[in-house]
Amino acid sequence: MTMAHSEAGTDLNATALERSARNEQLRLLSLCAPALLLIGIVALAPMGWLSGLSFVGKDGLTFANYERLLHPSYQLTLMSTFQLAFVVTAICLALGYPLAYLTAQMRPRAAGLVLLCVLFPFWTSLLVRTYAWLVILQRKGIVNTWLENLGLIDEPLRLVYNFTGTTIGMVHVMLPFMVLPLYAAMKSISPDYLQAAASLGAPPVKAFWQVFVPQSIPGVIAGLIVVFVLSLGFYVTPALLGGGKVMMWSMQVERAMEVYADWGAASALGVVLLVMTIGVLWLISRLVGIGSLIERD
Amino acid sequence: MKHLTRRKALAVGAGALAAPAVIGSTSALAQQQTLTISSWGGAYRKAQRQAWFDVVEKELGITIKEETTSGIADVRAQVASGRPTWDLVQQGNYGGAILEKEGKLEKLDPAILKIEGIPASMKGEAWISNLVYAATLAWNDAKYKDKKPEKWADMWDLKSFPGSRTMRRSPVYNLEAALIADGVPMDKLYPLDTERAFKKLKEIKRNVAVWWASGAQSAQVLKDGDVDMALIWNGRAQDLMKDGAKVGLTFNQQILLTDCWIIPKGSPKKDLAMKAIEIMSRPEVQARIALYINYGPANAKAFDTGVIKPEIAAALPSSPENAKKGFVLDANYWAANLDKLTEKFDLFTQE
């Protein structure tokens with residue numbers, strides 16, 4: 171009797187609790203509604219509309235906008251887009267990791283100063299930074315003039331209007347996106363682990379590779395994803411520093427607008443890039459588990 | 002005079018407001034009194050306003066409203082809407098030819114097409130040129146001190162003229178220049194032998210330091226010394242020369258390019274638009290454009306009016322003296338082949 175009674179009571183409580191939890195969720199959802207609505211209106215709806223347009227040609231529904239992409243020109247562009255994104259990401263990691271490591275070891279005040287320097291480029295527009303690289307790297311630019319005055323070179327080096335210049339400019343733009351997640355991950359690694367490793371007899375190099383590096387991996391992956399994905403869609407820097415020799419996918423989008431003056435032709439390219447990017451993210455999440463990155467505490 | 006026009010326009014405007022209340026049919030008449038012209042923005046349209054629009058307003062007693070176009074996509078959208086709000090639109094010559102091919106334009110009055118002084122290569126059934134500029138050969142004058150380049154073949158002559166080049170990131174102009182450099186006479190270019198052109202272009206591909214994507218970029222790389230020789234719009238090179246840069250330019254073998262008027266299909270004011278085109282195509286009106294901007298009139302007779310001084314005419318691609326050294330880009334050829342050849346060109350630059 172009493173047991174049945176108490177069971178019924180728990181049931182009631184459980185239902186009430188469940189209802190209250192559901193209400194709470196609804197309330198939270200309603201708070202999120204403006205943001206969701208905004209994203210829906212300014213991001214998802216136009217994206218859906220553009221994707222739809224890519225299947226529309228002069229005579230109704232068509233795959234013509236996609237069939238065109240089979241031309242070898244687009245394949246080369248796709249390859250060079252991934253190649254550039256890959257090289258930029260790799261260099262950003264090579265430069266960013268030591269910097270983030272050093273910063274994470276510094277006193278808070280010094281670290282703040284370094285981080286300020288890392289963020290400093292964001293204070294000037296992308297266009298200004300890109301033109302600054304032109305001034306530095308061009309044939310009669312600062313670098314070539316110095317090298318020539320020092321007698322190190324006879325002929326000016328081709329530092330810009332090619333793959334090299336584009337890579338330099340893009341690494342500059344992308345480096346903060348690598349350093350910041352790395353720093354955040356490294357900051358959360360307790361120095362106690364390294365001390366423990368040392369006290370157990372690990373030399374510093376071994377402690378670093380076997381204890382510190384594995385724990386910084388989530389930051390590394392976050393940085394790699396952000397830099398790689400942003401690089402895939404880059405436009406301004408390759409367009410200005412590539413001299414027309416580095417063809418990025420985004421430049422083909424512009425080309426489609428210029429030549430076909432038609433949203434469908436351009437949006438097909440956009441859809442392909444979007445699918446590629448989602449594909450890359452999916453691949454990474456399969457390899458390392460993207461959820462573990464987000465839910466890490 | 003301008004005041005008078007404004008007042009007149011105001012009166013007409015008031016009439017338009019009152020008319021529907023009185024009698025429906027007069028409103029169409031009142032509406033006829035504004036004409037919307039869409040053209041490229043900035044200094045370009047400002048010059049057109051001063052040289053041409055003011056004259057049209059005065060003569061027809063109308064008000065011209067200005068809008069900005071960025072190319073053929075706008076016109077397509079206007080026509081697709083069923084009731085274009087632009088009555089008269091400025092386009093590049095092969096933009097005009099493409100739209101004509103697509104049937105997006107009103108055919109022009111035969112009277113307009115018969116206007117004397119505008120050559121057949123500068124008009125179609127539904128477009129007529131109003132401005133002329135050119136793709137020309139320019140170079141760093143400090144680099145080539147003694148012997149100056151004078152023809153497209155010199156761009157390919159790396160022995161006499163060593164150094165780097167810039168050309169446009171587009172097949173348009175480059176294929177023509179390559180064929181001329183390979184010995185094809187200017188009047189036998191079209192239809193282009195594209196295989197031969199790309200083969201010739203390949204010879205100097207390594208020396209093309211920059212494939213320029215904008216007029217500003219072509220001028221900047223020439224000025225900064227990144228390139229020694231350029232296929233460049235004449236106005237861009239001449240601006241550099243005006244600023245004191247050591248730059249040389251020849252009109253020899255120049256590729257003449259034009260911008261043109263078109264009327265979107267279905268324009269309710271096409272008759273008024275035709276009248277405006279007729280006025281703006283007259284030699285004495287055409288000539289005025291050279292007073293306000295560094296572009297030449299399309300009507301060759303404009304140079305006989307005395308409005309354009311000889312020293313200004315010498316710097317304009319379409320002056321009789323310069324025009325005969327070059328040829329007019331075939332708008333219809335590019336209207337038909339731009340997409341395929343651009344793909345081919347993009348493959349060429351990436352290989």
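For the record, the sequence lines run as chains E and B. For what it's worth, this note's numbering labels the leading residue of the first sequence as 171, then goes sequentially. For what it's worth, this note's numbering labels the leading residue of the second sequence as 2, then goes sequentially. Ideal Cβ positions, reconstructed from N, Cα and C, are used throughout, including at glycine. Predicted model only: the values in this text are computed from it and were never measured.
As a beta-bridge residue in DSSP terms, B/I129 pairs with B/K124, B/W262. Beta-bridge pairing by DSSP links B/A231 to B/A139, B/T167. Rounded to the nearest whole angstrom, the C-alpha separation of E/G414 and E/L296 is 19 Å. Counting only unbroken stretches of 4 or more residues, the alpha helix (DSSP H) elements lying wholly within the stretch 298-350 of chain B are 311-314, 321-324, in sequence order. By the criterion of a C-beta distance shorter than 6 Å, B/I63 is surrounded in its chain by Q34, L36, once the five residues flanking it on both sides are discounted. In the structure shown, the three-state DSSP call for B/V173 is coil.
Residue environment analysis places B/P186 among the exposed positions, since fewer than 16 neighbouring C-beta atoms fall within 10 angstroms of its C-beta. For the stretch 405-417 of chain E, the set of positions with a beta-carbon nearer than 7 Å to some beta-carbon of chain B reads A409, G413, G414, K415, M417 in chain order.
Within chain E, the residues placing a beta-carbon under 8 Å from that of B/W213 are G414, ordered along the chain.
Three or more beta-carbon pairs separated by less than 8 Å are not found between the stretch 296-314 of chain E and the stretch 380-387 of chain E, which leaves the two stretches without contact. Residue burial is scored here from C-beta neighbours: E/R279 has fewer than 16 other C-beta atoms within 10 angstroms and is therefore classed as exposed. For B/I73, at least one C-beta of chain E is nearer than 9 Å to its own C-beta. The C-beta separation of E/C262 from E/L201 comes to about 37 Å, leaving the pair out of contact by the 8 Å criterion.
The secondary-structure analysis by DSSP pairs B/I290 with nothing; it has no beta-bridge partner. Taking 9 Å as the Cβ-Cβ cut-off, the stretch 213-230 of chain B approaches chain E at W213, A214, Q218, Q221, V222, D225, G226, D227, V228, given in chain order.
For E/G210, there is no enclosing beta strand (DSSP E), as DSSP gives it neither H nor E.
In the DSSP annotation of this structure, the continuous segment of the alpha helix (DSSP H) that includes B/T195 starts and ends at 195-204. In the three-state reduction of the DSSP assignment, B/A246 falls in the coil class, being assigned neither a helical nor a strand state. If you ignore the 5 residues before and after B/Y95, its C-beta comes within less than 7 Å of the C-beta of A332, W335, A336, L339, all in its own chain and listed in chain order. Short of 7 Å from the beta carbon of B/E60, and not among the five residues preceding or following it, lie these beta carbons of its own chain, in chain order: I280. Here the alpha carbons of B/R166 and B/L232 stand approximately 8 Å from one another.
Look at E/W433: its C-beta is under 9 Å from a C-beta on chain B. If you draw a straight line from the Cα of B/A154 to the Cα of B/Q91, it comes to about 34 Å. Distance from E/N319 to E/L327 at the Cβ level is roughly 14 Å; contact not present, criterion being Cβ atoms closer than 8 Å.
Inclusion of E/Y363 and E/F382 in the CB contact set at 9 Å is warranted, their separation being smaller than that value. Here DSSP, grouped into helix, strand and coil, assigns E/G230 to strand.
Between B/Q49 and B/S40, the CB-CB gap stays under 9 Å. For E/V429, a Cβ of chain B is located within less than 9 Å of the residue's own Cβ. Here E/W379 is exposed: its Cβ has fewer than 16 other Cβ atoms, across all protein chains shown, within 10 Å. Between the C-alpha atoms of E/L199 and E/E188 there is a straight-line separation of about 16 Å. In this structure, DSSP gives B/T70 a state outside helix and strand, which the three-state scheme calls coil.
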